[in-house]
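**Student:** Position one of the sequence shown corresponds to residue 1 (my numbering), numbered consecutively onward.
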Amino acid sequence: MNDTPEKPTAAKKVPAKRTTTKAPAKKTAAKTALATKATTKAVAKKTTAKAAAEKAPAKKAPARKPESRTALVRRARRINRELAELYPYAHPELDFTNSFELLVATVLSAQTTDMRVNQTTPRLFAVAPTPEDMAALPPEELEELIRPTGFFRAKTKSLLGLSAALRDRFGGEVPGRLEDLVTLPGVGRKTANVVLGNAFGVPGITVDTHFGRLARRFGWTTQEDADKVEADVAAIFPKSEWTMLSHRVVFHGRRVCHSRKPACGACPIAPLCPSYGEGETDPEKARKLLKYELGGQPGQRLKPPADYPGQPAPPMAPPAAAS
Numbered sequence: 001m002n003d004t005p006e007k008p009t010a011a012k013k014v015p016a017k018r019t020t021t022k023a024p025a026k027k028t029a030a031k032t033a034l035a036t037k038a039t040t041k042a043v044a045k046k047t048t049a050k051a052a053a054e055k056a057p058a059k060k061a062p063a064r065k066p067e068s069r070t071a072l073v074r075r076a077r078r079i080n081r082e083l084a085e086l087y088p089y090a091h092p093e094l095d096f097t098n099s100f101e102l103l104v105a106t107v108l109s110a111q112t113t114d115m116r117v118n119q120t121t122p123r124l125f126a127v128a129p130t131p132e133d134m135a136a137l138p139p140e141e142l143e144e145l146i147r148p149t150g151f152f153r154a155k156t157k158s159l160l161g162l163s164a165a166l167r168d169r170f171g172g173e174v175p176g177r178l179e180d181l182v183t184l185p186g187v188g189r190k191t192a193n194v195v196l197g198n199a200f201g202v203p204g205i206t207v208d209t210h211f212g213r214l215a216r217r218f219g220w221t222t223q224e225d226a227d228k229v230e231a232d233v234a235a236i237f238p239k240s241e242w243t244m245l246s247h248r249v250v251f252h253g254r255r256v257c258h259s260r261k262p263a264c265g266a267c268p269i270a271p272l273c274p275s276y277g278e279g280e281t282d283p284e285k286a287r288k289l290l291k292y293e294l295g296g297q298p299g300q301r302l303k304p305p306a307d308y309p310g311q312p313a314p315p316m317a318p319p320a321a322a323s
């Protein structure tokens, strides 16, 4: 028997061949797994980035170049001219025939509409046409007469106080000086300027909620205090324009440039307004937001000026008869 080891036969070499065959398959599978994993990570990363981008706040438009004082004044005065063309019939929207009626109506207009005041004052002035008559009214009777205007107790106190002051200190006449008017109960600079500008022809800027809002939107001021707004605007416009400027701005604030949703898309002065876009910019939708004569609705005065293009306000319905 030969003890020399035998050489491997071909049959014994098969396992080695199998190992060689399997190795590339495992390598390919590993590569495929790695590629799939990498693709999955890339997709996940892209999805995460997209979600983050969607959650991130939109980039703000680049800040406007600061407006020079000269440019501001020119733009402001152009706005005034445009408003004059838009509202050639601008006027005080309170019905009155003399300075006392205007003073009383302006005091009553706080926290209510001019239309409501105009609907209320005919009965009031029929009973108390003069300061002496009004000062003599029992508080309960005056409260009942002005109740529709709201805050009637506080307003009654003011009307009785200013009527007595006019009777006792000014001979029953409304004074024509701001320093005298503001000493009357319930009368501040806004009310005094309304009376001076529309009953005495003394120029004044009336800073009510509408005027203050638009002055800030137009960039004429950044102030919230009415006296500071008045001072800022007075420095931009000539004194001769103050009274009519007030009417035009208030008209625009009531009809177009509303507090909550301005009708930007229907605003003729939109190209001059740095706040364009705060409200509705679609022209059709914006037109539906217009009020009073611009929206085909009645105005605020029961007896508007002859050149007013809209309808007069309806009188107040008579109180229902007790059953």
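Where a beta carbon is used, it is the ideal one built from N, C-alpha and C, also for glycine.
Report yes if the C-beta distance between L162 and G186 is below 8 Å; otherwise report no.
**Tutor:** yes
**Student:** According to DSSP, simplified to helix, strand and coil, what is M316?
**Tutor:** coil
**Student:** Taking the CB atoms as reference points, tell me whether K239 and P271 lie closer together than 8 Å.
**Tutor:** no
**Student:** Assuming contact is defined by CB atoms lying nearer than 8 Å, are L245 and F237 in contact in what I supplied?
**Tutor:** yes
**Student:** Are the stretch 113-131 and the stretch 94-105 in contact at 8 Å, needing three or more beta carbon pairs?
**Tutor:** yes
**Student:** Between G150 and the ligand SAM, is there a pair consisting of the residue's CB and a ligand heavy atom that are separated by less than 7 Å?
**Tutor:** As far as ligands go, the structure on display features none, and thus does not contain the ligand SAM.
**Student:** What residue range does the alpha helix (DSSP H) around A404 cover?
**Tutor:** Because the chain is modelled from 1 through 323, residue 404 falls outside the range shown and cannot be assessed.
**Student:** Helix, strand or coil for G277 per DSSP?
**Tutor:** coil
**Student:** Go ahead and pull the three-state DSSP assignment for I236.
**Tutor:** coil
**Student:** Do the CB positions of V195 and T106 come within less than 8 Å of each other?
**Tutor:** In this structure, the beta-carbon distance from V195 to T106 falls below 8 Å.
**Student:** So, T156 versus P129, is the Cβ gap smaller than 8 Å?
**Tutor:** no
**Student:** Where does V229 land, buried or exposed, given buried means 16+ other C-beta within 10 angstroms?
**Tutor:** buried
**Student:** What residue from T243, L86, A84 and H91 has the CA that sits closest to R299's CA?
**Tutor:** First, the amino acid is wrong: residue 299 is Gly here, not Arg. Each of T243, L86, A84 and H91 was checked against the Cα of G299, and the nearest Cα belongs to H91.
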